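The next block holds one structure in the form of structure tokens; read it before the comments.
Protein chains in written order, with this note's numbering: chain V, 105 to 418; chain S, 68 to 246.
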């Protein structure tokens, strides 16, 4: 038997450790999905699909910038010392994933703006007429187009991976302390982005391609989730207890029903039937995938804060 | 460079919380928050139960995970004694350092910045002991330099059985408990 009684009663720490709420989960989800969108639009651009006026890559940059801004607003809301947020941009801390993320986010916007110049929204062209000249200049330079495409793919991969590494770098929270989390969040972001583009795609080729790609991402996601769990349950006692939080503990219903069932398995079955033309493409599977991606962040962020060295040590 | 740390004799500690009150008074710790606290740990099976009373706080680890994770450089190791501190006017309140600490020793001050035990560095720089050590009525707490082989803290560690908290977390804490 081991009984611990503590006189400490610090807000957000005791009796339940809960420092990060919906703001961080929403930011990680939106950041991951935007990362996936950047990779997809960068790929389409690299393949030269911008000449097709219906290509999703022409609408994705403005959508990505909007979603990322919403995510950053959520992240800002989470800060407790808001008037000092600018301090993050006065230094680069190589040992801090959050510092890497701060600077990656700063690089992401120019890449998105570069991509946006291919088809600037009408209202932007009206307010800033010079963008139409820039649009012509960008479209006439294949080398520049390729650079924008590669920059979007590379920064998208960095952004998506960072959202997972941000959590996995915290050794004090056993559930998060896995390198698989970086790849899991990147693939989940790609999956959510593919689902989103699948819904908004205006041509059949893109819809079919993204549904097939999404099936690949979902299969990969379930494989990585499996590896993530294997890594935890074959590790130390505190890591095994952390895995139990998801597998059979208080977070198990949300994990199995919303993340695995609704977010991966059901859409995988539905989209497999759709791409083999047994049923029609509907927004149901993509909406499930997007909701599953959001639930994944909520479950991992919440359960990670419940996993602990002190309270779980035998 | 000195390496400040503490040795706490759990055989003498009665959990009176004088250290807690002294810290709150000395450092103006806001109501409802603690930089140090008392833990009563009971282990074993009845009737062979064992109780250890500990005064706990930030362990000022040799390898503090709360320092490199800070995106603002606010969390830092002080040049004097390797004490882990926070620049309040650099902290954005992102809570990464709180997530990184396996001891949950940090909290967010109502003013928004990350707060924690400072080993009363303002007193130590004047040649005084930290407030918690100075007021302890049973004299169970010892503050000193682990780099000095002749310091009281090193002498106690050589002569008594002791343990640190969660050593398996790998942070190399600098507070030891004599048993």
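Every residue gets a Cβ at the ideal spot worked out from N, C-alpha and C, and that includes glycine. All of these numbers come straight from a predicted model, not from anything done at the bench.
C-alpha gap between residue i and residue j, whole angstroms
i, j, result
"residue 263/V", "residue 272/V", "15 Å"
"residue 328/V", "residue 284/V", "7 Å"
"residue 84/S", "residue 186/V", "34 Å"
"residue 100/S", "residue 179/S", "13 Å"
"residue 122/S", "residue 292/V", "44 Å"
"residue 138/V", "residue 172/V", "6 Å"
"residue 416/V", "residue 107/V", "With a pLDDT of only 46 at residue 416/V, under 50, the local geometry of the prediction cannot be trusted, and no value is derived from it."
"residue 418/V", "residue 205/S", "Caution applies to residue 418/V, whose pLDDT of 38 falls short of 50 and renders its modelled position unreliable; the value that the coordinates give is listed next. Roughly 31 Å between the two C-alpha positions."
"residue 124/S", "residue 302/V", "53 Å"
"residue 93/S", "residue 364/V", "52 Å"
"residue 223/V", "residue 140/V", "20 Å"
"residue 371/V", "residue 126/V", "25 Å"
"residue 390/V", "residue 374/V", "10 Å"
"residue 281/V", "residue 343/V", "9 Å"
"residue 194/V", "residue 158/S", "12 Å"
"residue 76/S", "residue 218/S", "16 Å"
"residue 380/V", "residue 305/V", "18 Å"
"residue 202/V", "residue 163/V", "29 Å"
"residue 333/V", "residue 249/V", "41 Å"
"residue 150/S", "residue 330/V", "41 Å"
"residue 216/S", "residue 361/V", "58 Å"
"residue 353/V", "residue 163/S", "25 Å"
"residue 109/V", "residue 401/V", "32 Å"
"residue 321/V", "residue 294/V", "7 Å"
"residue 211/S", "residue 121/V", "32 Å"
"residue 246/V", "residue 253/V", "10 Å"
Supposed contact pair residue j and residue i - C-beta distance, whole angstroms, cut 8 Å
i, j, result
"residue 126/S", "residue 232/S", "7 Å"
"residue 97/S", "residue 176/S", "6 Å"
"residue 276/V", "residue 355/V", "Between residue 355/V and residue 276/V the Cβ distance is about 18 Å, and since that is not below 8 Å, they are no contact."
"residue 145/V", "residue 165/V", "6 Å"
"residue 323/V", "residue 394/V", "Actually they are not in contact, since the Cβ atoms of residue 323/V and residue 394/V sit about 17 Å apart, beyond 8 Å."
"residue 120/S", "residue 80/S", "5 Å"
"residue 235/V", "residue 228/V", "6 Å"
Best match in the options for proximity to residue i [C-alpha to C-alpha]
i, options, result
"residue 339/V", "279/V, 314/V, 378/V, 207/V", "279/V"
"residue 141/S", "165/S, 215/S, 124/S, 209/S", "165/S"
"residue 132/V", "265/V, 410/V, 352/V", "265/V"
"residue 185/S", "80/S, 118/S, 220/S, 200/S", "200/S"
"residue 346/V", "377/V, 382/V, 403/V", "403/V"
"residue 170/S", "237/S, 229/S, 194/S, 93/S", "237/S"
"residue 128/V", "157/V, 180/V, 203/V", "180/V"
"residue 286/V", "135/V, 149/V, 350/V, 246/V", "135/V"
"residue 130/S", "192/S, 235/S, 179/S", "235/S"
"residue 105/V", "89/S, 109/S, 145/S, 73/S", "109/S"
"residue 114/V", "183/S, 206/S, 226/S", "183/S"
"residue 387/V", "352/V, 299/V, 210/V, 316/V", "299/V"
"residue 117/V", "192/S, 72/S, 167/S", "167/S"
"residue 367/V", "379/V, 319/V, 344/V, 333/V", "319/V"
"residue 88/S", "242/S, 102/S, 156/S", "102/S"
"residue 465/V", "215/S, 76/S, 189/S, 137/S", "Since the displayed chain V opens at 105 and closes at 418, residue 465/V lies outside it and no answer follows."
"residue 309/V", "122/V, 123/V, 156/V", "156/V"
"residue 325/V", "396/V, 176/V, 260/V", "396/V"
"residue 220/S", "244/S, 152/S, 202/S", "244/S"
"residue 241/V", "259/V, 218/V, 358/V", "218/V"
"residue 467/V", "170/V, 143/V, 289/V", "The first residue shown for chain V is 105 and the last is 418, placing residue 467/V beyond what the model contains."
"residue 349/V", "398/V, 405/V, 377/V", "405/V"
"residue 341/V", "251/V, 378/V, 414/V", "414/V"
"residue 73/S", "147/S, 213/S, 112/S", "213/S"
"residue 358/V", "383/V, 385/V, 399/V, 378/V", "399/V"
As assigned by DSSP and simplified to three states, the class of residue i
i, result
"residue 236/V", "helix"
"residue 302/V", "helix"
"residue 76/S", "strand"
"residue 100/S", "coil"
"residue 208/S", "strand"
"residue 226/S", "helix"
"residue 112/S", "strand"
"residue 70/S", "coil"
"residue 112/V", "coil"
"residue 393/V", "helix"
"residue 106/S", "strand"
"residue 416/V", "With a pLDDT of 46 at residue 416/V, under the threshold of 50, the modelled position of this residue cannot be trusted; read the value that follows with caution. Of the three classes helix, strand and coil, the one that applies to residue 416/V here is helix, per DSSP."
"residue 120/S", "strand"
"residue 131/V", "helix"
"residue 235/S", "helix"
"residue 123/V", "coil"
"residue 355/V", "coil"
Runs of 4 residues minimum, wholly inside the segment 144 to 210 of chain V: which ones carry the alpha helix (DSSP H) assignment? 164 to 182
Go through the segment 143 to 193 of chain S residue by residue and report every complete run of the alpha helix (DSSP H) that reaches 4 residues or more, in order. Counting only runs of 4 or more, we get 163 to 167, 188 to 191.
Counting only runs of 4+ residues fully inside the segment 264 to 305 of chain V, write out the alpha helix (DSSP H) ranges in chain order. 284 to 304
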